[in-house]
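Notes follow once the structure below has been shown.
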Amino acid sequence: DGTQYDFRDDQTNGQPLPTPYNAERTLNGPSRGFLFHTSDGSSATFISKTDDFSADLAVSDFYSDTGVGPTFPSGIVILRNGTRFKVFKGDVIEQQDSNGNIVKFIYNSHQLKQIIDTLGRTIDINFTNSPTSSIVATITTKGVGGVPRVTEIKRKKLSEVGALANGERVKNLDELYPDLSSTGGGPRPIHIPFNPSTITEISLPDDRTGNGHKWQFQYNSFGEIARVVTPSNGAIEYKHIRTLVPSEPGVNRPGPEIFRRVFERRVFASKTDINERGKTTYSDPTVLDSNGNSMVTETSFDESGKRLAITQHKFVNSPIVNYGINTDVLENTGYRPWMEGKEIETQEIELNSAGQNTNRRRITTYNYEQRAGVVWIANANTTLLN
Numbered sequence: 002d003g004t005q006y007d008f009r010d011d012q013t014n015g016q017p018l019p020t021p022y023n024a025e026r027t028l029n030g031p032s033r034g035f036l037f038h039t040s041d042g043s044s045a046t047f048i049s050k051t052d053d054f055s056a057d058l059a060v061s062d063f064y065s066d067t068g069v070g071p072t073f074p075s076g077i078v079i080l081r082n083g084t085r086f087k088v089f090k091g092d093v094i095e096q097q098d099s100n101g102n103i104v105k106f107i108y109n110s111h112q113l114k115q116i117i118d119t120l121g122r123t124i125d126i127n128f129t130n131s132p133t134s135s136i137v138a139t140i141t142t143k144g145v146g147g148v149p150r151v152t153e154i155k156r157k158k159l160s161e162v163g164a165l166a167n168g169e170r171v172k173n174l175d176e177l178y179p180d181l182s183s184t185g186g187g188p189r190p191i192h193i194p195f196n197p198s199t200i201t202e203i204s205l206p207d208d209r210t211g212n213g214h215k216w217q218f219q220y221n222s223f224g225e226i227a228r229v230v231t232p233s234n235g236a237i238e239y240k241h242i243r244t245l246v247p248s249e250p251g252v253n254r255p256g257p258e259i260f261r262r263v264f265e266r267r268v269f270a271s272k273t274d275i276n277e278r279g280k281t282t283y284s285d286p287t288v289l290d291s292n293g294n295s296m297v298t299e300t301s302f303d304e305s306g307k308r309l310a311i312t313q314h315k316f317v318n319s320p321i322v323n324y325g326i327n328t329d330v331l332e333n334t335g336y337r338p339w340m341e342g343k344e345i346e347t348q349e350i351e352l353n354s355a356g357q358n359t360n361r362r363r364i365t366t367y368n369y370e371q372r373a374g375v376v377w378i379a380n381a382n383t384t385l386l387n
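Residue numbers (the working numbering): 2 to 387.
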């Protein structure tokens with residue numbers, strides 16, 4: 002589901018440590034031990050192991066600017082609900098729940114090939130690995146009577162028919178980003194078309210009988226999702242917009258930055274409809290309140306344009322400000338402020354039957370408790386860490 006965990010070593014609780022820079026332009030730093038934990042309350046643990054899982058193995062800091070990377074770790078991840086993941090050289094090869102049910106994952110050069118559950122049922126994944134093939138991969142399961150059920154994932158270049166939404170065209174990079182085309186870093190290949198390969202279709206098993214049961218995707222000139230056609234032949238359209246990222250005193254950015262966002266979502270009952278059944282708009286999150294927090298207004302409309310709902314979300318800090326790494330905030334720690342990006346307030350504004358504001362609203366506030374400070378920051382307490 003996309004969940005990620007950040008682990009800190011038990012030995013130092015994530016303390017930044019100096020690492021000597023050698024003649025080979027690589028950094029082989031101090032040992033971090035073999036036990037790691039999360040510090041955000043998710044209570045996950047990682048135990049580093051040898052590749053055969055027969056013994057614990059200490060992990061050391063590593064960095065290289067020569068293109069040589071560290072080997073991916075092997076070990077066990079344990080979640081607080083009892084689920085365990087066995088990781089081999091960076092790949093999850095086994096998942097076991099608290100009841101002992103095991104799902105195994107088989108790879109071909111770090112590319113997932115097969116999934117096998119406790120009952121022996123299999124899911125086979127076949128990547129074409131061909132840049133010229135329109136099929137990225139097929140996913141095969143067995144249906145009733147052992148009949149194969151195949152899902153196909155297909156792609157097209159933006160320049161190919163059907164990949165771009167109506168009104169869109171392939172553009173050169175300097176057309177997409179005119180103000181970034183000559184900003185620092187020496188010459189850039191800006192007069193070339195932006196024409197990436199995009200996922201344009203996921204054909205579900207019954208589509209192979211000609212029933213058209215599939216997901217279809219179209220994009221804008223930036224390669225962003227612009228239109229989705231659902232298996233039920235409904236459609237959803239998205240509009241994106243760019244917000245300029247201003248330069249800020251005291252902020253060290255490695256280069257030009259781009260901030261783009263969805264500002265409108267439209268829903269259609271049929272893929273052939275030209276009038277939407279509903280629309281939702283999202284305000285600019287870089288608009289801040291008096292405390293410097295981001296305010297996003299989400300407004301829903303019906304097919305006639307009447308407002309159905311207005312919800313305002315307040316988040317800590319601005320999405321265009323780089324806190325933490327490469328800035329003067331929490332300098333030299335590698336960590337971001339603990340509240341950054343968290344939602345602290347939601348306001349649901351009451352509307353009457355005509356979609357007009359009644360000046361009544363329901364406000365939900367979210368309070369977060371600061372965890373104990375780390376021992377490697379002198380006098381680390383809530384006030385300092387805030």
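Each residue gets a CB set at the ideal place from its N, CA and C atoms; glycine is no exception.
Because the structure is a prediction, the values reported are computed rather than measured.
- The C-beta of F73 has fewer than 16 other C-beta atoms within 10 Å across all chains shown, which makes the residue exposed.
- DSSP places L165 outside any alpha helix (DSSP H), giving it a letter other than H or E.
- Judged by beta-carbon spacing, G34 lies beyond the 8 Å limit of Q16, meaning their Cβ atoms are not closer than that value.
- Taking 8 Å as the cut-off, the Cβ atoms of V268 and G279 count as close.
- In the DSSP secondary-structure assignment, T152 is bridged to I140.
- Around the C-beta of A381, fewer than 16 other C-beta atoms lie within 10 Å, and the residue is accordingly described as exposed.
- Taking C-beta separations shorter than 7 Å and ignoring five residues to either side along the sequence, the partners of T359 in its chain run E351, L352, N353, following chain order.
- Pairing F8 with D41, the inter-Cα distance amounts to about 10 Å.
- For the set I48, T365, N221, G374, the Cα lying nearest the Cα of L177 is the one of N221.
- Where L177 is concerned, the enclosing alpha helix (DSSP H) starts and stops at 174-177.
- Comparing alpha carbon positions, the residue from D52, S43, S44, A59 closest to L36 is A59.
- Here S32 is near S61, since their CB atoms are less than 8 Å apart.
- Taking each of V78, G30, T39, D53 in turn and checking the Cα distance to F47, the smallest one comes out for V78.
- Look at V317 here: in three-state DSSP terms it is coil, with no helix or strand label.
- Measuring C-alpha to C-alpha distances from L309 to each of T300, F316, K315 identifies T300 as the nearest.
- Going by C-alpha positions, T298 is about 12 Å away from T287.
- The three-state reading of DSSP puts D10 in strand, counting E and B together.
- Its chain contains A164, T201 as the residues whose beta carbon lies nearer than 6 Å to that of K157, once the 5 sequence neighbours on both sides are disregarded; these appear in chain order.
- The Cβ-Cβ distance between D57 and F89 does not fall below 8 Å.
- About 5 Å separates the beta carbons of E344 and F316, which is inside the 8 Å limit, making them a contact pair.
- Nearest in C-alpha terms to R361, of all of M296, E95, R261, T312, is T312.
- Contact annotation: I116 and F128 have beta-carbon atoms that are not nearer than 8 Å.
- The three-state secondary structure of V376, taken from DSSP, is coil.
- The C-alpha of L245 lies about 15 Å from the C-alpha of S295.
- Secondary structure note for I203: its beta strand (DSSP E) is the uninterrupted segment 198-204.
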